[in-house]
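Below you'll find the structure, written out as structure tokens, and then a few comments.
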Ligand SMILES: Cc1ncc(C[n+]2csc(CCOP(=O)(O)OP(=O)(O)O)c2C)c(N)n1
Ligand code: SF4
Ligand SMILES: [Mg+2]
């Protein structure tokens, strides 16, 4: 049995959001992952973010590859569209779906093996093309599903559970995403839900290529001393750059001003990101500054988390390709047939 169905009975007085759903309507089947796996906390954060943002579950399409992380879409948003694709192929499947129907919100869930190994090319092209999606990598530094081999994101010099030392340099997905042109780049930690939920909410409202690297410890194979992806190591080295208080424009009047230095960024859909800076030197609107901060902190053995970079005026694949609004299956004859005169002009141009 690969999944366990959850009882569908709800308490009748559960609070409903603006679109009429309770938080339980955003759940999925009972998780079969190991107890304490970071991936389950990420599923819980996705559920909370979608519920709080009043996103109707049927407006979401969740796609994944192969791995423990890629199994997780079964454990949230059971009323959404979904595709569990081939290992490393989530980005191309998602790109195709998004081109066919741009009216859905696309959520890609992947693992560090799925995205930084077999799917590295796919990851790169989704980022550089500005595919409008929330791309979440549940990063544990190992291939969890196949029993704990080092993945490409494992730090050089880190130790496996059996005592082997990783001799390869690590692929740093946030630095790659920045270099490739992603327009929303963040890093969270599965053990810090208060930071993670707003990062996912900001990404869901971004409208362009939004990438979140979530450090998500694997309790079965990578939570020991000598690992740089264990709960203890990440807690000790978590260098949070900022905290998002994500607020819709409509709710802006009611929002409490956040303490500390506050930065406000309006995204393309009019939503407001209110950011409390924890490190004065970091400017999240500068790609270059983000790269420098990340490299500097990582060299010191720290793990920078928070909203690393955002381009509030981001343009996505649909806008760049000047694609028509709406889903392709709703285009009528007028939009699809250019007419005899236009066809003749095209034919003439080809002669
Ligand atoms: C084409 C192909 N190659 C290899 C595998 C074996 N395989 C399954 S999952 C996996 C790695 C999963 O690691 P990751 O993406 O980090 O997910 P995790 O289990 O750690 O969450 C591999 C190599 C496969 N299923 N398909
Ligand atoms: S093997 Fe690791 S990644 Fe897979 S479910 Fe268990 S703890 Fe999570
Ligand atoms: Mg992994």
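Numbering (the working numbering), first residue to last: 126 to 476.
Idealized CB from N, CA, C, for every residue including glycine.
Fair warning: this is a prediction, and the values are worked out from it, not measured in the lab.
Query, Result
"Would you kindly report the start and end of the unbroken alpha helix (DSSP H) that includes residue 472?", "465-475"
"Please go through the same chain and pick out, in chain order, the residues whose beta-carbon is closer than 6 Å to the beta-carbon of residue 278, but skip the five residues on each side of it.", "237, 241, 264, 266, 295, 296"
"Would you mind stating whether residue 303 and residue 404 have Cβ atoms separated by less than 7 Å?", "no"
"So is residue 389 buried or exposed if we call it buried at 16+ other beta carbons inside 10 Å?", "exposed"
"Please report the residue range of the alpha helix (DSSP H) in which residue 358 lies.", "356-362"
"Ignore the nearest five residues each way along the sequence and tell me which others in residue 276's own chain have a CB closer than 7 Å to its CB.", "237, 238, 241, 242, 266, 267, 268"
"In the DSSP assignment, find the beta strand (DSSP E) that holds residue 370 and state where it starts and stops.", "367-372"
"Under a three-way DSSP split, which group does residue 207 fall into?", "strand"
"I think residue 328 touches residue 307, with their Cβ atoms under 8 Å apart; what is that distance to the nearest whole Å?", "Between residue 307 and residue 328 the Cβ distance is about 10 Å, and since that is not below 8 Å, they are no contact."
"Could you tell me whether the Cβ atoms of residue 262 and residue 165 are closer together than 7 Å?", "no"
"Tell me which same chain residues have a C-beta within less than 7 Å of the C-beta of residue 488, skipping the five on either side of it?", "With the chain running from 126 to 476 in the structure shown, residue 488 is simply not present."
"Any heavy atom of ligand 2 closer than 6 Å to the Cβ of residue 158?", "yes"
"Assuming residue 389 is part of the beta strand (DSSP E), what are its boundary residues?", "387-391"
"Would you mind sorting residue 462 into buried or exposed? The rule is 16 or more other CB atoms within 10 Å of its CB.", "exposed"
"Excluding the 5 residues preceding and the 5 following residue 460 in the sequence, name in chain order all residues of the same chain whose CB lies nearer than 6 Å to its CB.", "none"
"Can you have a look at residue 451 and say buried or exposed, based on whether 16 or more other CB atoms are within 10 angstroms of its CB?", "exposed"
"At the level of alpha carbons, what is the spacing between residue 301 and residue 162?", "26 Å"
"My output table needs one value for residue 290: the three-state DSSP class, helix, strand or coil.", "strand"
"Kindly examine ligand 1 and report whether one of its heavy atoms sits closer than 6 Å to the Cβ of residue 239.", "yes"
"In angstroms, rounded to a whole number, what distance separates the CA positions of residue 472 and residue 458?", "20 Å"
"Suppose contacts are defined by Cβ-Cβ distances below 7 Å. Is residue 422 in contact with residue 369 by that definition?", "no"
"At what residues does the alpha helix (DSSP H) containing residue 313 begin and finish?", "Careful: residue 313 lies outside any alpha helix (DSSP H), inside the beta strand (DSSP E) at 309-314."
"Taking the alpha-carbon positions, what's the residue 192 to residue 247 distance?", "16 Å"
"Quick one: is the Cβ of residue 213 within less than 6 Å of any heavy atom of ligand 3?", "no"
"Could you pull the start and end residues of the alpha helix (DSSP H) that residue 442 belongs to?", "442-445"
"Measure how close the beta-carbons of residue 312 and residue 392 come, nearest whole angstrom, since I'm counting them as under 8 Å.", "19 Å between Cβ atoms; not a contact."
"I'd like the ranges of any beta strand (DSSP E) spanning at least 3 consecutive residues and lying wholly in the stretch 208-253.", "230-236"
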